[in-house]
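As you go down the protein sequences, you meet chains A and B in turn. For reference, each letter of the first sequence is one residue, going 1 to 385 in this note's numbering. For reference, each letter of the second sequence is one residue, going 386 to 512 in this note's numbering. In this text, a Cβ means the ideal position worked out from N, Cα and C, and glycines have one as well.
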Amino acid sequence: MNPGLKRGSAAIVGVAESDLGAVAEGMSIFDLMAQGVRRALDDCGLRLDQVDGVFCAASQSRMSALALCEYLGIDPAHADSTFVGGASFELHVAHAMAAIDAGLCKVAVIAYGSTQRTIGRKHASAREFNPYETPFKPFLPASAYAMAASRHMHEFGTTREQMAQVAVAARQWALMNPAAWEKTPLSVSDVLNARPVSDPFTVRDCCLVTDGGGAIILASPEIAKTLKKAPVPVLGFGQSLTHANISSMPDLTRTGAIKSGAQAYAMAGLGCQDIDVVELYDAFTINTILFLEDLGFCPKGEGGRFVEGGRIAPGGSLPVNTNGGGLSYCHPGMYGLLILVEAVRQLRGECGERQVKDCETAIVHGNGGVLSAQSTVILGTMATI
Amino acid sequence: MTLALETSPLSTYLDYLRAGKLAYQFDPVRQSAVFYPRVAAPGHGGNLEWRISQGLGTVYATTVVHTRNQQPHNVALIDCDEGFRLMSTVKGIPPESVRIGMRVRFETEDIVDDDPRPVFVPEENAQ
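And the structure:
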């Protein structure tokens with residue numbers, strides 16, 4: 001059950017976004033990763049020559065860790081390009097933590113970059129042919145999540161309006177984030193009347209297609225306490241890999257977040273009632289509903305009703321996806337790194353207008369594939385150690 | 386010496402489909418159906434047996450895919466009565482009329498150039 005990691009044995013010390021949205025013509029994913037690394041090093045005051053652990057994942061590079069190390073001009077003691085889709089970066093946090101604890105490296109950088117908007121989505125991610133799915137022409141990943149939504153509506157009476165509330169709340173948060181892609185208000189009827197993509201989803205139920213990336217830096221508590229900003233210790237981690245293809249998902253309304261969340265809470269010694277801010281991978285509106293249920297914020301089946309009335313929007317009782325999420329802030333193919341960035345900034349109190357008051361604990365939940373890879377990281381301030 | 390397989394799981398499956406049969410595998414250890422076809426049983430790695438489905442099932446999940454400049458089409462997950470699930474499409478009715486819980490029957494689709502596809506029709510429409 002417990003992955004063997006030690007609570008608080010590593011801390012996130014630096015975070016940064018690369019350029020986001022639509023980046024300059026000709027920028028590569030490694031330009032974006034290097035921008036992230038440089039800015040994250042500036043954020044904590046470490047130097048590139050102190051980085052001895054490199055972690056990354058990308059859909060646009062077959063050997064991303066190799067290419068990133070070449071670009072940065074470093075030959076690190078430890079490297080890891082574990083790739084399970086958008087949930088990869090939370091796994092990297094756990095792997096970096098284990099590597100630091102085992103003495104394999106002292107300063108670990110986790111980086112990501114995508115230019116999917118600039119080069120086009122079909123060029124950014126190779127379509128794999130699955131002889132048991134591809135002949136039926138699902139529009140993936142949207143159709144997979146849409147079928148999960150169809151089940152949730154069927155089993156629990158979840159409505160289109162409730163799903164639209166997720167998109168509306170994300171947009172309200174995005175309007176308070178200067179880095180967000182979307183700049184105009186969104187209503188429930190805007191969501192419902194948008195272009196249909198894969199029923200029940202319209203394009204406003206689906207994440208953005210943007211460029212972007214970033215980096216985070218982890219270090220041991222001893223190094224962390226000597227740096228520019230207050231360290232953000234990693235308190236808990238959990239993962240679950242339930243399937244790869246949607247036709248093999250055991251139950252479309254119960255995700256691996258049930259297991260990953262339980263592991264992370266157990267390691268952190270916290271429950272959902274102790275969490276101050278929630279950063280979930282919202283690739284589609286149904287994700288937020290599923291993960292709020294599976295991470296314990298409401299009972300199974302109640303997610304649709306839970307998000308009504310602005311509960312997860314600014315001013316609501318539970319702050320969720322405070323950067324505006326993949327739905328309205330940025331979604332560069334894989335979004336799992338950017339939710340770690342936002343959680344750290346909330347814990348540091350750096351979020352300006354959208355800052356959650358008295359923020360001491362954060363849950364970050366990554367999602368990869370088609371609800372396939374689930375990974376949960378719980379972070380805190382030094383007061384939680 | 387271990388003998389190499391002469392036929393892949395996919396080829397066996399497609400050969401059955403060309404003969405108008407929906408094939409799946411059965412795990413004698415767990416007494417459960419397995420789909421998609423594999424060389425080893427999921428979970429324990431044991432042998433699998435081929436079986437032929439009666440072709441009756443229930444729609445488990447459904448969506449209508451909207452592609453620009455094309456007619457919308459249905460994509461569904463079907464739970465077959467033998468206990469396995471597969472992705473398919475329900476034909477013979479408008480794509481938005483496909484409902485979760487609907488009883489459906491397997492048909493093979495006419496093959497032109499590509500491999501055959503197992504499709505489903507509402508049971509009352511079945512030929």
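Reducing DSSP to helix, strand and coil, say where residue i ends up.
{"i": "residue 473/B", "result": "strand"}
{"i": "residue 181/A", "result": "coil"}
{"i": "residue 58/A", "result": "coil"}
{"i": "residue 92/A", "result": "helix"}
{"i": "residue 329/A", "result": "coil"}
{"i": "residue 1/A", "result": "Interpretation of residue 1/A is limited by its pLDDT of 46, a score under 50 that renders its predicted location unreliable; the figure taken from the coordinates is listed afterwards. Coil at residue 1/A, not helix or strand."}
{"i": "residue 287/A", "result": "helix"}
{"i": "residue 22/A", "result": "coil"}
{"i": "residue 30/A", "result": "helix"}
{"i": "residue 227/A", "result": "coil"}
{"i": "residue 232/A", "result": "strand"}
{"i": "residue 35/A", "result": "helix"}
{"i": "residue 255/A", "result": "coil"}
{"i": "residue 398/B", "result": "helix"}
{"i": "residue 384/A", "result": "helix"}
{"i": "residue 363/A", "result": "strand"}
{"i": "residue 239/A", "result": "strand"}
{"i": "residue 206/A", "result": "strand"}
{"i": "residue 479/B", "result": "coil"}
{"i": "residue 496/B", "result": "coil"}
{"i": "residue 352/A", "result": "helix"}
{"i": "residue 375/A", "result": "strand"}
{"i": "residue 409/B", "result": "strand"}
{"i": "residue 100/A", "result": "helix"}
{"i": "residue 280/A", "result": "strand"}
{"i": "residue 275/A", "result": "coil"}
{"i": "residue 246/A", "result": "helix"}
{"i": "residue 70/A", "result": "helix"}
{"i": "residue 347/A", "result": "helix"}
{"i": "residue 8/A", "result": "coil"}
Under the rule that 16 or more other beta-carbon atoms within 10 Å means buried, what is residue i, buried or exposed?
{"i": "residue 390/B", "result": "exposed"}
{"i": "residue 452/B", "result": "exposed"}
{"i": "residue 512/B", "result": "In this prediction, residue 512/B has a pLDDT of 47, which is less than 50 and means its spatial position is unreliable; what the coordinates show is noted afterwards. When all chains shown are included, residue 512/B counts as exposed."}
{"i": "residue 319/A", "result": "buried"}
{"i": "residue 422/B", "result": "buried"}
{"i": "residue 129/A", "result": "exposed"}
{"i": "residue 199/A", "result": "buried"}
{"i": "residue 1/A", "result": "For residue 1/A, the predicted model reports a pLDDT of 46, less than 50, meaning its position is unreliable; a value from the coordinates is still stated below. Exposed, by the Cβ-count rule."}
{"i": "residue 492/B", "result": "buried"}
{"i": "residue 259/A", "result": "buried"}
{"i": "residue 437/B", "result": "exposed"}
{"i": "residue 388/A", "result": "Residue 388/A lies beyond the stretch modelled for chain A, which goes from 1 to 385, so this question has no answer here."}
{"i": "residue 123/A", "result": "exposed"}
{"i": "residue 412/B", "result": "buried"}
{"i": "residue 388/B", "result": "exposed"}
Selection of the region 389-422 of chain B by Cβ proximity to chain A, strictly under 9 Å:
395, 398, 399, 420, 421, 422
Does the region 322-336 of chain A come close enough to the region 155-171 of chain A to have 3 or more Cβ pairs within less than 8 Å?
yes
Do the region 368-376 of chain A and the region 237-246 of chain A touch if we need at least three Cβ pairs shorter than 8 Å?
yes
In chain order, what residues of the region 129-144 of chain A put their CB closer than 8 Å to some CB of chain B?
131, 132, 133, 135, 136, 137, 138, 139, 143
For the region 478-500 of chain B, list every residue whose C-beta sits within 8 Å of some C-beta in chain A, in sequence order.
481, 485, 486, 499, 500
When you check each C-beta in the region 456-471 of chain B against every C-beta of chain A, which residues fall closer than 7 Å?
458, 460, 462, 470, 471
Where in the region 108-181 of chain A do unbroken runs of the alpha helix (DSSP H), each at least 4 residues long, occur, reported from the N-terminal end onward?
116-119, 121-124, 142-156, 160-174
My parser needs the beta strand (DSSP E) runs of 3 or more residues fully inside the region 415-470 of chain B; what are they?
417-419, 434-437, 441-450, 458-465
Within 8 Å of chain A by C-beta, residues of the region 424-453 of chain B in sequence order
445, 446, 447, 448, 449, 450, 451, 452
Do three or more CB pairs link the region 200-218 of chain A to the region 350-366 of chain A at distances below 8 Å?
no
For the region 49-76 of chain A, which residues have a beta carbon sitting closer than 8 Å to at least one beta carbon of chain B?
none
Closer than 8 Å is the cut-off here; do at least three beta carbon pairs connect the region 141-150 of chain A with the region 198-208 of chain A?
yes
Report yes or no: do three or more beta-carbon pairs, one from the region 77-90 of chain A and one from the region 361-369 of chain A, lie closer than 8 Å?
yes
What ranges does the alpha helix (DSSP H) occupy inside the region 293-339 of chain A, keeping only unbroken runs of at least 4 residues that lie completely in it?
303-306, 325-328
Taking three-plus beta-carbon pairs below 8 Å as touching, is the region 213-228 of chain A in contact with the region 71-78 of chain A?
no
contact_flag[the region 250-258 of chain A, the region 42-58 of chain A] where n(CB pairs < 8 Å) is 3 or more
no
Any residues in the region 222-252 of chain A with a beta carbon nearer than 7 Å to a beta carbon of chain B? Which ones, in chain order?
247, 252
Any residues in the region 78-112 of chain A with a beta carbon nearer than 8 Å to a beta carbon of chain B? Which ones, in chain order?
none
Please name the residues in the region 370-383 of chain A whose beta-carbon is closer than 9 Å to at least one beta-carbon of chain B, in chain order.
none
The region 262-279 of chain A / the region 394-407 of chain B touching (three or more Cβ pairs under 8 Å):
no
Under 7 Å, CB to CB, which of the residues in the region 13-25 of chain A have a partner in chain B?
none
Can at least three beta-carbon pairs, one atom from the region 188-198 of chain A and one from the region 444-458 of chain B, be found at a separation below 8 Å?
yes
Would the region 412-421 of chain B and the region 151-161 of chain A be scored as touching if the rule is three or more Cβ pairs under 8 Å?
no
Listed from N- to C-terminal order along the chain, which residues in the region 163-183 of chain A have their beta-carbon within a distance smaller than 7 Å of any beta-carbon of chain B?
none
For the region 294-312 of chain A against the region 331-350 of chain A, are there 3 or more C-beta pairs whose distance is under 8 Å?
no
Residues from the region 195-217 of chain A in contact with chain B, defined by Cβ distance under 7 Å
196, 197, 198, 199
Could you say if the region 98-116 of chain A and the region 244-253 of chain A meet the contact criterion of at least three C-beta pairs nearer than 8 Å?
no
Given a limit of 7 Å on CB to CB distance, which residues of the region 293-323 of chain A reach chain B?
none
Mind checking the region 149-160 of chain A against chain B and listing, in chain order, the residues whose C-beta falls within less than 7 Å of any C-beta there?
150, 151, 154
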